[in-house]
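Structure first, then comments.
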Amino acid sequence: MDKFINKVESNTKLVREIFDVTEFKRDHFLSQKFNANIFLKREDMTPVRSYKIRGAYCFINAHHKKNISNKDLIFICASAGNHAQGFAYSCKKLERIGKIYMPITTPNQKINMTKYWGGEFVEVILTGDTFDDAQKKAKEEVRKDKNSIFVPPFDDADIVAGQATVAKEILDDSSLIKGSIDYLIVPVGGGGISAGISKYFSKISPNTKIITVEPYNANSLDVSIKNGKNTKLDKISTFVDGAAVKKIGDYNFKILKDLLKEKTIISPEGRLSETILEFLTHNGIILEPAGALSVDALKDDSLKAKIKSKNIVCVITGGNFDFERLPEIKEKSLKYSGLKKYIILRLPQRPGALKEFLNCLQNSVDISRFEYLKKSSKTFGSVLIGLESKTKFDLEKTFLEIDKNSFEYKDITQDDMYFDLLI
4 MDKFINKVES
14 NTKLVREIFD
24 VTEFKRDHFL
34 SQKFNANIFL
44 KREDMTPVRS
54 YKIRGAYCFI
64 NAHHKKNISN
74 KDLIFICASA
84 GNHAQGFAYS
94 CKKLERIGKI
104 YMPITTPNQK
114 INMTKYWGGE
124 FVEVILTGDT
134 FDDAQKKAKE
144 EVRKDKNSIF
154 VPPFDDADIV
164 AGQATVAKEI
174 LDDSSLIKGS
184 IDYLIVPVGG
194 GGISAGISKY
204 FSKISPNTKI
214 ITVEPYNANS
224 LDVSIKNGKN
234 TKLDKISTFV
244 DGAAVKKIGD
254 YNFKILKDLL
264 KEKTIISPEG
274 RLSETILEFL
284 THNGIILEPA
294 GALSVDALKD
304 DSLKAKIKSK
314 NIVCVITGGN
324 FDFERLPEIK
334 EKSLKYSGLK
344 KYIILRLPQR
354 PGALKEFLNC
364 LQNSVDISRF
374 EYLKKSSKTF
384 GSVLIGLESK
394 TKFDLEKTFL
404 EIDKNSFEYK
414 DITQDDMYFD
424 LLI
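Numbering (the working numbering) for the sequence shown: 4 to 426.
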């Protein structure tokens with residue numbers, strides 16, 4: 004039998020030592036919405052609420068056994084959160100000392116849970132603004148300490164073979180599906196799980212089409228495929244913190260560039276936020292942004308026609324959501340759906356001007372923010388205004404009235420620079 008398949012099968016038995024098979028079942032709401040048979044592989048149901056525990060445990064367990072007599076051996080990793088928790092859980096389980104380098108921007112929920120899972124066996128070190136910054140520091144530490152081993156978050160054959168256990172479980176449970184799996188949608192950050200799933204399916208279920216999805220402004224796989232070589236992005240958005248990686252793993256890219264036949268889907272932040280809130284409303288489950296990527300991909304125009312009446316599997320990669328981010332998620336969702344706008348209004352400094360503006364607002368439109376900025380002149384004043392509506396129609400009609408009354412304004416809703424400075 005193929006060496007990779009053998010490795011995945013042995014790894015599957017290994018992860019059964021620490022948790023049961025994660026849930027795999029048809030989602031009625033999504034199936035009805037997209038007129039397809041949508042099945043969810045719930046990796047948010049592992050002990051650490053993400054698939055990352057698979058690769059971390061398989062890797063650390065292998066080196067633990069090789070170095071069983073070396074009690075002073077230190078394991079070191081870098082992570083934006085989920086790999087850190089899988090790493091911490093594994094260190095405690097195997098009673099091994101670990102150091103975890105995490106970006107300063109990592110949500111508190113992930114930092115606190117990492118410390119919880121690792122207990123006295125792990126030390127968390129916050130450094131840099133991105134995962135790549137943290138990984139650089141971690142690798143520097145490994146070079147200094149010869150009695151340490153770096154545990155890669157994704158760019159490693161053993162890690163990939165660990166994450167591929169997700170693929171085996173999906174196919175083991177595929178009897179729940181009438182017919183074969185037509186499409187399998189999986190998120191991409193560093194490429195560990197997407198490479199593992201793609202490689203396993205190419206050998207066991209080659210007719211299944213693998214769809215990869217990346218965050219907007221963190222699409223290293225998409226850029227690399229277009230360039231024909233693995234390319235490091237100069238700058239990335241960290242909104243999808245669990246998949247915000249400047250460069251996909253070299254090992255993983257080699258696998259994906261040869262196996263992927265479908266174009267990578269790019270998930271915009273607003274649409275992804277909308278998906279997170281919809282999933283919470285209809286499933287009672289809140290997913291982290293990276294965990295919701297595969298479900299969000301169903302909305303993409305390039306997929307809508309393809310997936311009708313097909314069997315689709317979406318891999319839910321994680322559910323470690325920081326509830327302090329909920330207002331941000333709601334804000335991005337409303338902006339994307341056209342239910343919220345921010346403008347800088349040039350308001351004439353005369354009696355009745357404000358009343359005239361307020362009369363432009365339609366029934367369901369509410370002012371969510373009103374803030375005078377520094378006056379630019381004696382005749383006009385600049386006002387930052389947030390308008391929120393229950394219907395897109397009412398908001399559009401409001402702006403028609405504002406234009407009709409010749410008010411001057413600048414719409415900054417989609418202007419990232421203005422938005423970040425003022426909102």
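Think of the CB as a built atom: it goes at the ideal place given N, C-alpha and C, for glycine as much as any other residue.
- For the pair phenylalanine 256 and glycine 192, the CB atoms are not nearer than the 8 Å cut-off.
- Our two residues, serine 305 and leucine 296, have alpha carbons roughly 15 Å apart in a direct line.
- Taking C-beta atoms under 8 Å as the contact rule, threonine 25 and lysine 44 qualify, at a distance of about 7 Å.
- Beyond the five residues adjoining it in sequence on each side, glycine 273 comes within less than 6 Å, by CB distance, of Lys335, Lys338, Tyr339 in the same chain, given in chain order.
- The shortest CA-to-CA distance from threonine 267 to any of Pro218, Ile279, His31, Ser276 is the one to Pro218.
- Contact between phenylalanine 134 and arginine 99 is absent: CB atoms are separated by about 23 Å, not below the 8 Å threshold.
- Linking isoleucine 196 to phenylalanine 37 through their CA atoms gives a straight-line distance of about 25 Å.
- Collapsing the DSSP output to three states places glycine 89 in a helix.
- DSSP, reduced to helix, strand and coil, places arginine 146 within a helical segment of the structure shown.
- The straight-line gap separating the alpha-carbon atoms of leucine 280 and arginine 353 is approximately 42 Å.
- Judged by DSSP in its simplified three-state form, alanine 81 adopts strand.
- Judged by DSSP in its simplified three-state form, leucine 398 adopts helix.
- Closest option to threonine 234, judged by alpha-carbon separation, among Lys250, Thr241, Ala221, Ala246: Lys250.
- Assignment of beta-bridge partners to serine 392 by DSSP yields Val368.
- Where aspartate 414 is concerned, there is no enclosing alpha helix (DSSP H), although the beta strand (DSSP E) around it starts and stops at 411–414.
- Nearest Cα to aspartate 325 within the set Gly294, Ser371, Leu263: Gly294.
- The beta-carbon separation of alanine 300 and valine 169, rounded to 17 Å, does not stay under the 8 Å limit for a contact.
- The continuous beta strand (DSSP E) containing valine 316 extends over residues 314–319.
- For the 8 Å CB-CB criterion, phenylalanine 383 and arginine 349 form a contact.
- Here tyrosine 375 is exposed. Its C-beta has fewer than 16 other C-beta atoms within 10 Å.
- When secondary structure is reduced to three states using DSSP, valine 298 falls in the helix class.
- CA-CA distance, isoleucine 56 to alanine 246, rounds to 16 Å.
- Just so you know, the alpha carbons of cysteine 80 and glutamate 143 end up roughly 11 Å apart.
- Nearest to asparagine 9 by C-alpha distance, out of Ile200, Ser93, Lys96, Ala164, is Ala164.
- Rounded to whole angstroms, the separation of the alpha carbons of serine 201 and glycine 322 is 23 Å.
- For asparagine 38, there is no enclosing alpha helix (DSSP H), as DSSP gives it neither H nor E.
- Secondary structure of leucine 76 (DSSP, three-state): coil.
- Closest by C-alpha distance to aspartate 158, out of Gln35, Asn70, Gly58, Val189, is Gly58.
- In this structure leucine 390 is buried. Its beta-carbon is surrounded by 16 or more other beta-carbon atoms within 10 angstroms.
- In this structure, the alpha-carbon of valine 368 lies about 10 Å from that of lysine 400.
- Every alpha helix (DSSP H) of 4 residues or more that sits fully in the stretch 255–298 is shown, in chain order, as 272–286.
- DSSP, read as helix, strand or coil, puts valine 189 in strand.
- Between valine 154 and phenylalanine 78, the gap from beta carbon to beta carbon is short of 8 Å.
- Within the DSSP secondary-structure output, proline 218 pairs in a beta bridge with Ser270.
- The C-beta of lysine 147 has fewer than 16 other C-beta atoms within 10 Å across all chains shown, which makes the residue exposed.
- Cβ-Cβ separation between leucine 342 and serine 392: approximately 5 Å, consistent with a contact (criterion under 8 Å).
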